[in-house]
Structures are given as structure tokens and as C-alpha cells.
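Chains as they are written, first to last, in this note's numbering: chain A, 203 to 469; chain B, 3 to 296; chain C, 450 to 765.
Glycine included, each C-beta is placed from N, C-alpha and C at the ideal position.
All values reported here derive from a predicted model rather than from experimental measurement.
This report concerns only the one structure given below.
Here it is as C-alpha cells:
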């Protein structure tokens, strides 16, 4: 295979869910969560995936993270099919693709202290787990060291999401998948988290896939964006083009209504 | 664990208002105290253990020297009833913890693996669940023989499917939580995920349930001892004592009645405590208590 | 215009074990007849508590320490909840999916709601008229369906119709635009505005999204930590926020047209005693040591604006 600059290649990925809707007899309904999607992500890029709830963007994220094998199609990370690699290569993939979830509390083990959560992750990646490493991680996400000895339920939403980000960057990955990282947070906290994410990206040169329903959030972080609807890509391209020169009917309607709704603060 | 000091403190606050639950808690605490210290506080320890025979003092009605009277062999019923709490506590703890261990371990794997293996284990569990536990325990007790240890084993074998069911439900919920996905993505290995991430977060409902079941375990053990296939004489188990005095109920009622009352009180206390605990754990009530509101 | 609702120095706490958590800390405002007011704030600001207090829907562990809510000479907090809900005030819940019983047809719900009224008019006729006004093309079909057959947006309109049918003076909507996508949000805004005009009903919109309030509301109450930080006309506040918290709130919204540059304050004024000073002091960009951390600011009136901030206290 010819070596390309692209870090991740998604080729013709379709993910189907079977849902039993029959009351007495077996009657299946097939839901096409992701429907034949292809795109590339280049190293160092921030790709935005925009779409309303139910557009299949979170399912796609799970699949890229290696948690959900697509029904058909392949996902390549540095040229290797992530659902076929084993052993050392698999560990390499695991270490290099990390994810931040929407619900910061749901993504932290409620019965473990933050210190132990982070230690487990570092151990799994065969990294040092001493106090200095933990502290520098906390410093990186602007948290006090005291947080290390707390349980997730004792944190605020913003703090919990910072911990989740610290965990995701602990293994020093190349690709970070951000699945609605701020939609469960208050706007003022969202602004802080977005600033932090931007800082991390510039400092570490990470590649991001940012999934969000909020065009404003995508606008803040991304240059290239994919708009999804009902499992399909509606339109993709430069974020400025999507906002100022949308081609497809759906994108036009979406941007137009957003601009109308937020008209008072936009001007 | 969710059962933390804060949890206990909040439950204590709740108990203060729940009179029935408080009554249950007090009786249970007295029961545990008696079970632990019985041999040192009863007036006639030898009578209590059952190896002293005072034929000249047999069948005496309650008096100052023998508050609950004496039995056929002239043993002090009061001492025996008090020591009986130790047997009941051992049975309750033994049955519940063995059943808990079998149920939790089995369904932890079944629940995590899911698919065909999960279904297979669940069907086996369902087969057990189809019979009343007392009937199964009776069957096992007849097969493996009498005695305290065998009683505990046969009751546990009949008991675990209830905990299995509960664990299974909990594990299937927990394994779909985002933090399990997060752990997988971080590359944490499967045994660690099962024991460190899923197990602690699945245990609370089943341990609460096990605690509530102690009263029932005591009652069923007493039933098996009553029909003669449980604890053997001369040990002072309540069910056994009731059966020992049963044929004399017209002549010396105290032999059966006092262990009966004790059994009744302890089982009732566990049930009161259980109800209040369940009410406290009820999501609606919890939410009210926890509502840092706003 | 006549005053419809007066909230006067309302203080509410939640009891949790031995702790009392302050939810509302001396809130006062007024709503005129036909006016629409937005209560804006982040989680923990007390905006939902305020809404629930007005609709008499507070959970049992809420304690009203002080204050009054008066509507049309009726003391809301000391009346029977049944005499208020529906007739004087209706509430549209945020979770529309679980707000209706899955076993009952929509028509049954309308009949149940109107069961206490001895009206000669045909309830279902009235209901379908309102549903048609809310944009349903085939109201009869909606009345015959079960909740699970309707989409979230449709359910929301059904709940709105249920809120209107008794013709209350006031409707409280809890986050009416939070769960739906942008084109539908515009639709909801338009419908709410039309309802307000047609039926002359006042509205309280509880929301975390300050950006959309000018479309829906005349005035805004910005809340933080149980206090009203700023009160005024929606458009004026968005154009020129006076309180630093309001400023932060508006500046935190990622813009679509122009690339945003957040001015995020990472500074943590940690040594502040919360109980003594301004509740926002630890996050405030205009934090003044020796003032903000020691005394609670007073309200300052600037025209029709009311601001709670030390910055304006001495300018009076």
C-alpha cells in the first residue's frame, strides 16, 4: 500500500442495527445508523462532524474508536485495518486513538478515585505512573492536585470533563475523538473546555475528530467539516464555505435557521 | 463502593424518622450482640451448649432462677435461647455469603460475555428459580446429610439464583456505561475491566438484597431444623428447640414458645429493617435526599 | 399595563440530610399582563426552582424560608396547588417524551384536564381548534393517537395545547428549545409568540440559552447562585450587558459567522469567602479585592435595568 499522509481512512462504512419490533413473532427492523460513509483524516487536522441527534455521528465515533465493528466497510489507522490487527499492532492502535465522551460523569468509574483511574490508563499504556506524571497531567488540564484524591461524584461537570481529557491524552495518542465534549456543560464552562482543547491541539499537534451538533463549536475548533444526516454525508468542505456558501438544501436550512436564532448576538 | 460513610450517615438520618425501621435496627443489633457474646453472658453456659443434664430440675416453669423455665433434660431454656442466636447468625451469614459468591461470580461472567454463554447460564439460573428455595434446600439436605455445615450448604445451593438474577441485570446495565467503553479505549485488559470496573459498580443492589434476606435464611434454616434435617441436638438452634418442645406444648409451653418468640422477633426485625432500607434506596426517595437540587 | 405576577424577596433552600442548600436567595421581580420574561442561568443558578415555586411544583424537601408570590391578588404560596395549576398557571415540562401517559390517547388527556370544568362547550372541538392554531394540519388524527406515535416536536405542541386549554394567565415553559434541532427551534419560537398574541397569555421562559431570548421575550432575568444578577430588556442586555457575569455568559457562546475568540478567565480567585461577598466574585474579571470578597453588592437601577454588582454601586 502506498504510504499517504492520512492518519485515518474511513472507507464505505455502513453500520446496521437490528431492532426486534414484532410483538409475538420475530420481526426485525433494520436501522441504518451509518450508511456508506467515506472520508480521510490527515495528521494534525481537526475534522468536524456536524449533525443533529440521530444522524449516526456518535455510532460512527464508536466505530472509529474500535468499539463497534462496522457491518461493512473498513477503517484504516495508519494503513492498517483496525478490526483485523492483533498483538503489538493492536496495542499501538489502542494507545494512539483515544476518545472523550459527552457525559463526563458517565465516562469515569464512579467507584474509583481520579488518581486510580489515571493510573490504570497509564499502566495499560506501559507508562510511568508516579506522582510527577499525574501532577503534570492535572496541570496540563488546569486542575488542582487535590482533584486526584476525589471521586467523580465530588467534581463539577467542567472538572470531570477536564479529568476525562487528561485521561485521553495520558497515553499520548495521535488521534483524539471528541464526541460532543461540551454539550452536557454550561456555556461558560464550555468556553473553558474549548479553549483547553485548542491549546492541547496546538501544543501537542494532535489530530482531532470533533463531533458536535453545535456549528458554533465546530467553527471554533475546525477548518474542515462533514455534515451528516440520517447516516449519510450531506456535504463536506471548508467550514467557511459551509456557512457562507452551503450547496445542499439541508445545510442551507440548518445554517439559515441558526443564523436567524443567534442573529442578536452575531451582529 | 456506594456503601460509604456518607451513605451510612444518610441512612442513619433516615432511620431516625422511620420508627419501624429503627425498631428493626435496634432488635437486629441486640441480636448480633447476643450472638457474639452469648457464651459469656448466659447464666448456664453448659446448659446452653446442651451437654449438661439436670434431670431433677426438668420441666420447671419460668422462675427467677430460670426465667424461661427448663426443658426435658432440665436445661435452662433462657441460656439456650440466647445462645441460639449465635447459630442463627452463623447460618444467616453463611447462607447469604456463599449464595452471594456463587451468584455474583457466575453472572458476572455470564453478564459480561453475554451472547450464547450468557443465555446458557441464565437458563440454568431460571431452572433453579422455578422451585421454591425451601423445597430445593430440603432436597439437597436429604442428599448431603444433616448438620450445621450441610444445612448451610444446602440452603446456599437453593439460594444463589436470586442473587444471580440481580447481578445479571446489574452487570448488563453497567457494562454499557461509557466508563466501560472509556476503559476499553484506554487499553485496559479484560480481567481488570471485569473486576475493577464492573464488579464494584454492580454489587450494591445485590449486597443490599442479601442483607435483607438474612431474616428469611434464619426462618428457612429453622424450618429445616424443625423437621429434623438441619442442626442436630444437643445444639440450641431455635427451630430444633421448637420441635423438641412441641409434643409437650400442653404441659411445658415455655420450651417451644420462647425460641418461637425469639425467631419471630428477629425475622420481623430483619424485615422491618429491610423494608426501610428498600424504601431508602428507592430512587425517588434517594433523589429527594440527594437533590443538591436546584 | 397591569401587573400580573409579583415575586417578592423569595428565599428557598433544599434540605439534604443535615445540610441546607440555598437555591434562591432573595429574588424579586414583576411580570406585567401579556409580558414574556426569560429566566436565564446555568445549572445550579436556581432558575428551575424559581419556575417550580411559581407553578407550585416544588419537591417536598424544598423549604420556603421567606418571601411571597402574588398573582391577581392571590397568594400563590399559600393556596391549594389544584386551584392554581392549569387555571392560573400552566407549565410545559422539559422532558416531553415522558410527560404523557403512554396508555391514554391524546383526546383522553384533554378530557381529563377539563374534567373539573363544568363547561358546556365541546372539549374535543375546542382542543382541535387549539391544535390547528398550533400548526397541526389534521388535529382530529392527533387527538386519536397515542403519545408514542408522535414525534418530540409534536408532543411539545400537544403539551402546549394542554397548557392553553384552560386559558391560564401565565404559562411557564422549561427549556422549550433545548432538545430539538435548529429549524424546529425557530418553529417553536414562532408558535410561542403566536400563542402569546392570540390568547393574551403571559409567559415565563426558563432557559440556559440567552442568545435566543430576544426572539421570545421582552425582559430577561439573569440568575447566578440563586440571585438575580441583572434584569432588563432582552435586546438591551444582549447588546450591552452590564453585569460581568452576563458579559461572560454572552461572550461564551461560540459564534457562527465570525470565528470566536473566547476571553476565558482561568484565574481562580480562590481565597474568597463565598458566604460574605458577591457570589460571582471567584470567577469575575472585574474582581476588586477588599470589596467584592467582603460585602454583598446592592441592586442598582440604571433606567429600566437592575444590576447586582459592585461596579455600579458607587455610581449611583
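Annotation: the continuous alpha helix (DSSP H) that includes residue 152/B extends over 150–176. Residue 687/C places its beta carbon 8 Å or farther from that of residue 703/C. In the structure shown, the three-state DSSP call for residue 255/A is coil. At a cut-off of 8 Å between beta-carbon atoms, residue 219/A makes no contact with chain B. Neighbours of residue 706/C across chain A, judged by C-beta separation under 8 Å: 445, 461 and 468. Inter-segment contact for the region 255–270 of chain A and the region 343–351 of chain A is absent: fewer than three beta-carbon pairs are separated by less than 8 Å. Annotated three-state conformation of residue 125/B is helix, per DSSP. Ranked by Cα distance from residue 419/A, the first of 445/A, 220/A, 408/A and 436/A is 445/A. For the 8 Å CB-CB criterion, residue 109/B and residue 210/B do not form a contact.
Contact annotation, residue 551/C with residue 596/C: C-beta distance approximately 6 Å; criterion of less than 8 Å satisfied. For residue 267/A, the chain B residues whose Cβ falls inside 7 Å of its Cβ are 187, in order along the chain.
Straight through space, the alpha carbons of residue 354/A and residue 184/B are spaced by roughly 14 Å.
Any Cβ of chain C closer than 8 Å to the Cβ of residue 294/A would place that residue at the interface, and such an atom is absent. About 6 Å separates the beta carbon of residue 156/B from that of residue 146/B, a gap short enough to meet the 8 Å contact definition. Taking 8 Å as the threshold, the shortest C-beta distance from residue 416/A to chain C falls below it. Residue contact with chain B for residue 363/A: absent (no Cβ-Cβ distance below 8 Å to any residue of chain B). At a cut-off of 8 Å between beta-carbon atoms, residue 278/A makes no contact with chain B. In the three-state reduction of the DSSP assignment, residue 458/A falls in the helix class, which pools H, G and I. Residues of the region 247–268 of chain A with a C-beta less than 7 Å from any C-beta of chain C: 254, listed in chain order. Looking only at 627/C, 635/C and 634/C, the smallest Cα-Cα distance to residue 386/A is reached by 627/C. Residue 423/A and residue 637/C have their alpha carbons spaced roughly 29 Å apart. Close to residue 203/B, with beta-carbon spacing below 9 Å, are these residues of chain A in chain order: 311, 312 and 313.
Residue 337/A is outside the set of residues whose beta carbon lies under 8 Å from a beta carbon in chain C.
Within the model, the alpha-carbon separation for residue 397/A versus residue 248/A is close to 14 Å. Between the region 400–411 of chain A and the region 433–442 of chain A, the count of C-beta pairs closer than 8 Å stays below three; the two stretches do not touch. Residue 665/C is not a Cβ neighbour of residue 537/C, given a cutoff of 8 Å. In terms of Cβ geometry, residue 505/C and residue 523/C do not form a close pair [threshold 8 Å]. Classified as exposed, residue 31/B has fewer than 16 neighbouring CB atoms from the shown chains inside 10 Å of its CB. Fewer than three beta-carbon pairs drawn from the region 206–226 of chain B and the region 115–133 of chain B are found closer than 8 Å, and the two stretches are therefore not classed as touching. Rounded to whole angstroms, the gap between the alpha carbons of residue 682/C and residue 490/C is 16 Å. For the region 297–311 of chain A, the residues whose beta carbon sits under 7 Å from a beta carbon of chain B are, in order, 297, 300, 301, 303, 305, 308, 309, 310 and 311. For residue 636/C, the secondary structure class from DSSP, reduced to helix, strand or coil, is helix. By alpha-carbon distance to residue 473/C, the top candidate from 451/C, 512/C and 484/C is 512/C. By the beta-carbon neighbour count (other beta carbons within 10 angstroms, threshold 16), residue 736/C is buried. Residue state for residue 70/B is assigned as coil, using DSSP reduced to three classes. Around the beta carbon of residue 39/B, fewer than 16 other beta carbons sit within 10 angstroms, so the residue counts as exposed.
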